[in-house]
Each structure stands twice: as C-alpha cells, then as structure tokens.
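Working notes, structure below.
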Amino acid sequence: VSSTRLVDRAEPFVRSLRRRADTPGRGPRTTVVLGRLLGVGVLLCFATGLFSHLVQEQPAWLPLAPRPVWLYRVTQGVHVGVGLALAPLLLGKLWSVHPRLFAWPPVTGVRSALERLSVLVLVATALLQVAIGVMNTAQWYAFPFSFRPVHYALAWVLLGSAVLHVAVKAPVIARHWRAPRASGPSVEAPEEGVGRRTALTAVGAATAATVLLSVGQSVTPLAPLALLAPRRPGLGPQGLPVNRTAREAGVLQTARSADWRLEVVGAAGARLVVLSLDDLRSMPQTSATLPISCVEGWSQEADWAGVRLRELVALVGAAPDSDLLVSSLQVRGGYRTSVVRGPYTEDPATLLALTLGGEQLDLDHGYPARVIAPGRPGVLQTKWVRRVEVLG
Ligand code: HEM
Ligand SMILES: Nc1nc2c(c(=O)[nH]1)N[C@H]1C(S)=C(S)[C@@H](COP(=O)(O)O)O[C@H]1N2
Ligand SMILES: [Mo]
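In our numbering, the protein residues as written are 11 to 402.
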C-alpha cells in the first residue's frame, strides 16, 4: 500500500474523530486558562524541586542555611501539593486540545514537523513527570528506574519544552489571555456538547478536591481530610508517621541490643570515643521543636531532646562546624548514611535525639538515637545511628 493510499483511507476516520471531538468548551480560551495555571504550577514545582535537589546534594558551593527551620517543610509541601494539582489540570488541558492531535495531514512541512515534535516532547515529559511524581508520593515504586535522577532530568526537559511551547504559542495566548466579551457568541450555552464553563468547572472541582484531600499531610490542622495521603500527621507511634520501620530496615535486633554503642570518630580516624546509651543520657540534654519534612510531602513538628551534635564531636576535638558522616545500624537500602555539613553541625538545635515528646524514642523513630536537625529533608534525619565520623 503506497503511503498516499494509506492517507486516503485514514482520512475519513480521522475526520469523524474530529467531528465527535468538536464541542464548544474546547477552544483556545479554555486551553489558555488551563495553560496559565499549568505554567505557574510547573514553575513552582521546578523551583521547589531544584531546591530539594540542592538541599539533599549539599554541593560545596552552596551556602547552606538551617534556618528558618520550616523552610524545607514549606517548599516540599508546596512541591507535592502543587504537583498533585497538576494532574487534573494537565488532563483537562489535554482534553481541551486533543482533537488537534488528529489534525490532518499530520505535518505540512519542516516548521510544522518541528512544532509537533516539540509538543510531543512537552506532553510526554509532563505526563511522565506528573505520573512518576504521584506514584512516588504514593510509595508505589513500580517504574524500572530510580526516581530522583530521572525526575531531575525530566524537570529540565519539561522546563525547556514548556518555555519553547509558550514562545511558539505566544500569539494565540495573547489573543485569548482575557475573557471574551460577555455578549460574544462563544460564551453562550452550547446546544450540545460540553460548554467552556462546564469544562473549567469540572477541572477546577477535580483540582480543588485533589488539593483538599491531600494538603493535610503537611498542613497539620487539615490532617483528618488528607485521605489521599499515604502518611498523615498524628498517625503513627508517638503520634508521628514513619516512612521506614525498624523491621523494614532490618534493625530489630541490633537497635535493641544491650551491646549498642555510639562510635564518635575524629578526622582521619585519629580519635575514637565509644559511648553507651547511659553515657549519652548523662551528657547535657537539649530540647528542640523541629519538623520531620519528608521529601515525599508529609511533614509534622515534634518535640525532641538529646545531645547536640557539636558537643558530641567536641569529644574527639573536632570544630563545631565540622562536616560529618552519620551511619545507621541499617545495612541495606537507601538513607543508611547522611552527611551533616558544617552549618547544620554547628546549629544549637541539631541533635542526636534520644527522646520524642518526652519519651524514649520508639524503635520505629530511630531508637536508641537518631539525627534531627533544622531545615533538613526527612531522608537526611538518619535513624538508628551507630557512628558519627568527622570528615576531612
Ligand atoms: C511538573 C513539574 C515538576 C517538576 C519540574 C519537578 C521537579 C522536581 C525536581 C527538580 C526534584 C528534585 C529531584 C532531585 O532531588 O534530584 C523533585 C523532587 C520531587 N518531586 Fe517533583 N517535579 C514536578 C512534579 C512533581 C509531581 C507532580 C510530584 C508528585 C506529586 C512530584 C514529586 C516529587 C517528589 C516526591 C520529590 C522528592 C524526590 C526525592 O528526593 O526522593 N514532583 N521534583
Ligand atoms: N536509617 C534510616 N534513617 C531514616 C530513614 C531510613 O530509611 N533509614 N528514612 C528517612 C526518612 S525518608 C524520613 S521521612 C524520616 C522519618 O522519620 P520518622 O520515621 O521518625 O518519622 O526518617 C529518615 N531516616
Ligand atoms: Mo522521607
């Protein structure tokens, strides 16, 4: 079959699809309204996502600030809250333009080929980014790659293709930026099909519901509403959620063992101090009210007490602003270790915590000792600590 014959045969089918898809609510105005919201959402996700990346990577050139203590809690809460809202908005926008994906003929020249290619990249990255993001927060790691590097790379591709898309569509966007005059025919209720108001109301309601049923994971007073969130404030041992339990981490025996000791190692292994839990308890205890702010979006404040990290490393003669490597009893899986950079070590609220809410730590919260520091993502708040090593 020659390619022209194929085109001839496909044409009636594609035309019928387009005819059925023609409904008054689908128009450039609907697309522009949803596109504006999506644009703001993608920018917010990009900025907060990049921030999350940097606080976790802690590159040497980055000035790290542990204060304000709530900063990461807010940025990651916004990232996941806005990210979830992008899902219905994105589906709504695709609904409003999808008949154009069947435009016939599909390409008319080099320019249109490039334009379609850029839209393909935009749609594919946006769908993938939102899908794996939502899956990650639902702790459904069904994709065959590791989330962070892929999500990070897609963020740049998505930003680039979104900027290109806005540039290409600038004339249409400008034309439909403002609502058409009320007397215009385009706002009249359609005789059949879905009107613009109906379409926007449906997408708005879905977006509002998504946000309302999930923000409670980071906005504690709304916790009872957070039915879409896998972790909710208040639910868990000692009233605090747990991402990985002691059983899952494989530390049930080692964490409860009477032989547990904390090793504090000086720079280049020069000095070693070994402390029992009673030794730690007899050191000066400091209290701090700090949130656990999980990268997956949930967060909750709690009252911690224990030994300041900077007082601990002073035992091996290290400076209060030393970089540290903290290791857990956990032998497999991510988050077994974390680097505590100088500004965090130095902060008076950075603790090797022994208690939570005035009680000895629950096994699932890191008994016998865990890191809690202001402004750090949850993944860096290492539980079941066995060793603190001064770096270089
Ligand atoms: C649509 C635009 C989005 C952009 C541009 C974006 C960008 C980013 C970036 C750059 C990171 C940091 C990755 C790293 O640490 O290397 C990140 C992390 C994250 N994003 Fe997104 N994201 C988007 C959407 C979403 C959505 C829809 C969700 C889910 C609701 C989501 C959930 C997450 C989570 C859970 C993390 C933390 C991952 C971790 O460190 O383990 N993101 N995002
Ligand atoms: N050793 C170890 N520490 C860990 C983890 C882990 O898997 N292993 N999970 C981290 C993550 S992702 C979070 S959000 C916090 C949660 O602390 P919580 O369980 O006490 O609420 O612990 C962090 N500390
Ligand atoms: Mo986490």
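Using N, Cα and C, we set each Cβ at its ideal position, and we do this for glycine too.
- DSSP lists no beta-bridge partner residue for SER292.
- Inclusion of THR264 and LEU339 in the CB contact set at 8 Å is warranted, their separation being smaller than that value.
- Just so you know, the alpha carbons of GLU258 and GLY344 end up roughly 12 Å apart.
- As computed with DSSP, ALA312 is found in a beta bridge with LEU300.
- Only residues of its own chain outside the window of five on either side were considered, and among them LEU94, THR220, LEU223, SER224 have a CB closer than 8 Å to the CB of LEU238, listed in chain order.
- Excluding its 5 nearest sequence neighbours in each direction, GLN86 has C-beta neighbours in its own chain below 8 Å: THR58, SER62, SER228, SER303, CYS304, VAL305, GLY307, SER309, PRO387, listed in chain order.
- As the crow flies, the alpha-carbon of THR365 is around 14 Å from that of VAL395.
- Around the Cβ of GLY316, a 10 Å sphere holds 16 or more other Cβ atoms; the residue is buried.
- In this structure, ligand 2 has a non-hydrogen atom nearer than 7 Å to the beta-carbon of ASN253.
- Collapsing the DSSP output to three states places ARG351 in coil.
- Rounded to the nearest angstrom, the Cβ distance from LEU361 to ARG318 is 6 Å, consistent with a contact under 8 Å.
- Scanning the stretch 347 to 391 for uninterrupted alpha helix (DSSP H) segments of 4 residues or longer gives 352 to 356, listed from N- to C-terminal end.
- Placement of the Cβ of GLU258 at a distance of 7 Å or more from every heavy atom of ligand 3 is found.
- Between VAL65 and PRO384, the C-beta gap is not smaller than 8 Å, which leaves the two residues out of contact.
- Under the three-state reduction of DSSP output, ARG39 falls in the helix class.
- Remark: the shortest separation between the CB of VAL381 and any heavy atom of ligand 3 does not fall under 7 Å.
- In the structure shown, LEU250 falls within a coil segment according to DSSP collapsed to helix, strand and coil.
- Under DSSP, the beta-bridge partners assigned to GLU399 are VAL275, LEU335.
- With contact defined as three or more Cβ pairs closer than 8 Å, the stretch 65 to 76 and the stretch 286 to 297 are not in contact.
- In this structure the stretch 199 to 217 touches the stretch 98 to 116; the number of beta carbon pairs closer than 8 Å is three or more.
- In the three-state scheme derived from DSSP, where H, G and I count as helix and E and B as strand, ARG121 is classed as helix.
- 8 Å or more divides the Cβ of LEU132 from the Cβ of HIS186.
- Three or more Cβ pairs closer than 8 Å define a contact, and the stretch 41 to 54 meets that threshold against the stretch 102 to 112.
- In the DSSP annotation of this structure, the continuous segment of the alpha helix (DSSP H) that includes VAL213 starts and ends at 206 to 222.
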